């Protein structure tokens, strides 16, 4: 058999496999946007994660990076809902390694109570989604 013939068969098989068994890409390509920092650290939200919920609120991934990190204080990942009409939020889930690592049992809407980081996320997410 000819080398080119074998190479073409292999490339064809690879093409068919990649069509029917695409590589699993669980790692989302995040598009992080920062809000103005506070004395506690910084908060980022992911533009590529925004989804509209059925109730009209917006779901978004968010990440808090504390001012100083250690084994105890590390980045915290949030899945949060934002209600732009009421200017409130709720944390759906939280995690240190992945989003949705721990589901939040308290799904009540919360007032940000002047928290600059949360207010920044609400502001930017609501502006971006409109």
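In the working numbering, the protein residues as written are 40 to 169. Beta carbons are placed, not taken as given, at the ideal position from N, Cα and C, and that holds for glycine. Since this is a predicted model, take the numbers as computed values, not measurements.
Beta carbon of residue 103 nearer than 9 Å to that of residue 81: Locating residue 103 in the chain shown gives position 64, where the first residue counts as 1. Locating residue 81 in the chain shown gives position 42, where the first residue counts as 1. Result yes, Cβ atoms of residue 103 and residue 81 sit closer than 9 Å.
Whole-angstrom distance between residue 140 and residue 150, CA atom to CA atom: Taking the first residue of the chain shown as 1, we reach residue 150 at position 111. Taking the first residue of the chain shown as 1, we reach residue 140 at position 101. Each residue's CA atom was taken as its position, placing residue 150 and residue 140 some 24 Å apart.
Cα-Cα separation between residue 152 and residue 68, rounded to whole angstroms: What you label residue 152 is simply residue 113 of the chain shown in a count that begins at 1. What you label residue 68 is simply residue 29 of the chain shown in a count that begins at 1. Cα-Cα distance, rounded: 31 Å.
Cβ neighbours of residue 125 in the same chain (closer than 8 Å, five flanking residues each side left out): On the chain shown, position 86 is the one that residue 125 refers to. Once the five neighbours on either side are set aside, the close Cβ partners of residue 125 are 148.
Heavy atom of the ligand COA within 8 Å of residue 79 beta-carbon: In the structure on display, the ligand COA does not appear, and there are no ligands present to speak of.
Residue 103 - containing beta strand (DSSP E), residue span: Position 64 of the chain shown holds residue 103. Run containing residue 103: 97-105, per the beta strand (DSSP E) assignment.
Residue 72 beta carbon less than 9 Å from that of residue 86: Within the chain shown, numbered from 1, the residue matching residue 86 stands at position 47. Within the chain shown, numbered from 1, the residue matching residue 72 stands at position 33. In this structure, residue 86 places its C-beta atom within 9 Å of the C-beta atom of residue 72.
DSSP state of residue 137 mapped onto helix, strand, coil: Along the chain shown, read from residue 1 onward, the residue named residue 137 stands at position 98. The three-state reading of DSSP puts residue 137 in coil, since its state is none of H, G, I, E or B.
Buried versus exposed call for residue 128 [16 or more other C-beta atoms within 10 Å across all chains shown]: Along the chain shown, one-based indexing puts residue 128 at 89. Classification of residue 128: buried, given that the 10 Å Cβ count is 16 or more.
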